[in-house]
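Each residue of the sequence shown is one higher than the one before, starting from 1 at the first, in full-length UniProt numbering.
In this text, a Cβ means the ideal position worked out from N, Cα and C, and glycines have one as well.
Quick caveat, the model's predicted, so the values are computed rather than measured.
Only one structure is covered here, and it is reproduced in the block below.
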Amino acid sequence: ASSSYSDELVKTAKTVASPGRGILAMDESNATCGKRLASIGLDNTEANRQAYRTLLVSAPGLGQYISGAILFEETLYQSTTDGQKIVDVLITQNIVPGIKVDKGLVPLAGSNDESWCQGLDGLASRTAAYYQQGARFAKWRTVVSIPNGPSALAVKEAAWGLARYASIAQDNGLVPIVEPEILLDGDHSIERTFEVAQKVWAEVFFYLAENNVLFEGILLKPSMVTPGAESKEKATPQQVADYTLKLLRRRIPPAVPGIMFLSGGQSEVEATLNLNAMNQSPNPWHVSFSYARALQNTCLKTWGGRPENVKAAQDVLLVRARANSQAQLGKYTAEGESEEAKKELFVKGYSY
1 ASSSYSDELV KTAKTVASPG RGILAMDESN ATCGKRLASI GLDNTEANRQ
51 AYRTLLVSAP GLGQYISGAI LFEETLYQST TDGQKIVDVL ITQNIVPGIK
101 VDKGLVPLAG SNDESWCQGL DGLASRTAAY YQQGARFAKW RTVVSIPNGP
151 SALAVKEAAW GLARYASIAQ DNGLVPIVEP EILLDGDHSI ERTFEVAQKV
201 WAEVFFYLAE NNVLFEGILL KPSMVTPGAE SKEKATPQQV ADYTLKLLRR
251 RIPPAVPGIM FLSGGQSEVE ATLNLNAMNQ SPNPWHVSFS YARALQNTCL
301 KTWGGRPENV KAAQDVLLVR ARANSQAQLG KYTAEGESEE AKKELFVKGY
351 SY
């Protein structure tokens, strides 16, 4: 990375990876946001998306538990329902604004029905513009599918794309979140997930190094190591923590400041319990969360699109954010959790 931003990149990464805090992922594409709104009987209009995003970012005191928020491009340029820039609301809350920069998944020719992530074309100018708009970190999500192999080609493409993106983002002042999501889809064992994850992260770091990415100025967004969603075996939080930490210790240099796990369709409570189990003893990196559905699910259901429910929905969001903050500190207990929060959120073939 060019040195002009390196001090700032390190500082941004440290801020996002600060104790007891994690990331609120609210960068659903408009299509996915539409699915969320449809689940509570609302039309996918800009006004409804704006109302929901306003509810999220203006929850009082959210910044106590949330250090960064990943936005979709529309949101980076959007205002709240009362006319304040969403970016400004986040900054006032002490939350660093981030931006999703990939352009989605497309079929990877020559692979076993796998995909690759597009978005490198024009990325330099886009990241420069996002920086001007107030974004300070970026996200790029590529996926690896275990039932489809994964082929060596798909893993290499995922790793190379992430490394190119990370290098370009750093060049333009944004801390890249490196996210090769290993999908939950499949009936494979936790051992198989572990094996694939080791391969994926070995390649990712090889190419990050080859692209001269500053490790102190990146954040990771890995999948937890779990059995496939359709597997007969269910792993306890302790097993998930053991496998996942073993993976991280073998593959992730301590220079990396923060590891912000994705929830990937785990239930709200499950995602929090697993994170808590990983923070029972000190780790060389900040181990935290970057959750979308696992922070928003109960909040969305509570809101139901009704103005009179906004406060109750924000309270529920804060309950989840606080639970994950406690889990980051290794102090979470699942007492008093609602049934809704325990519901499985996995969707087969889920697209972001």
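Residue i - containing beta strand (DSSP E), residue span
{"i": "A109", "result": "It is not in any beta strand (DSSP E) - A109 carries neither H nor E in the DSSP assignment."}
{"i": "Y291", "result": "H286 to Y291"}
{"i": "S6", "result": "Unbroken run through S6 is the alpha helix (DSSP H), S6 to V16; no beta strand (DSSP E)."}
{"i": "S115", "result": "S115 to C117"}
Where residue i falls, given that 16 or more other Cβ within 10 Å makes a residue buried
{"i": "K232", "result": "exposed"}
{"i": "G98", "result": "buried"}
{"i": "I218", "result": "buried"}
{"i": "R249", "result": "exposed"}
{"i": "D43", "result": "exposed"}
{"i": "T15", "result": "buried"}
Contacts around residue i, its chain only, beta-carbon distance under 7 Å, and the 5 residues preceding and following it disregarded
{"i": "D113", "result": "N148"}
{"i": "R322", "result": "Y65"}
{"i": "Q50", "result": "Q78 and T81"}
{"i": "E337", "result": "V269"}
{"i": "E157", "result": "L108 and W116"}
DSSP bridge partner residues for residue i (one or two, in chain order)
{"i": "G22", "result": "I66"}
{"i": "K100", "result": "K139"}
{"i": "M260", "result": "S288"}
{"i": "I177", "result": "K139 and L219"}
{"i": "I182", "result": "V144"}
{"i": "K85", "result": "S79"}
{"i": "L71", "result": "M26 and I99"}
Neighbourhood of residue i by C-beta distance below 6 Å, restricted to the same chain and skipping five residues each side
{"i": "N274", "result": "M224, P237 and V240"}
{"i": "N172", "result": "T127, A128 and Y131"}
{"i": "C33", "result": "R49"}
{"i": "E216", "result": "V10 and A255"}
Chain-order list of residues whose beta-carbon lies under 8 Å from that of residue i (same chain, five-residue window excluded)
{"i": "N211", "result": "A163, R164, A166 and S167"}
{"i": "P254", "result": "P284 and W285"}
{"i": "N141", "result": "Checking the sequence, you will find Arg at residue 141 rather than Asn. Excluding residues within five positions, the ones whose Cβ falls inside 8 Å are K100, D102, C117, E179, E181, K221 and Y352."}
{"i": "S189", "result": "P227, G228, S231 and E233"}
{"i": "V316", "result": "T298, C299 and T302"}
{"i": "A341", "result": "S267, E268, V269, N297, T298 and R320"}
{"i": "A202", "result": "R251"}
Distance CB(residue i)-CB(residue j) smaller than 8 Å
{"i": "K221", "j": "V155", "result": "no"}
{"i": "I23", "j": "V57", "result": "no"}
{"i": "G104", "j": "L184", "result": "no"}
{"i": "W303", "j": "L90", "result": "no"}
{"i": "V175", "j": "L9", "result": "yes"}
{"i": "V96", "j": "T12", "result": "yes"}
{"i": "A17", "j": "P282", "result": "no"}
Element boundaries [alpha helix (DSSP H), containing residue i]
{"i": "S167", "result": "A152 to D171"}
{"i": "S325", "result": "V310 to Q328"}
{"i": "S125", "result": "L123 to Q132"}
{"i": "T54", "result": "E46 to V57"}
{"i": "P237", "result": "P237 to R251"}
{"i": "R192", "result": "I190 to E210"}
{"i": "V269", "result": "E268 to M278"}
Distance cut-off 7 Å: residue i Cβ against heavy atoms of the ligand FMN
{"i": "G83", "result": "Absent from the structure shown: the ligand FMN. Ligands present: none."}
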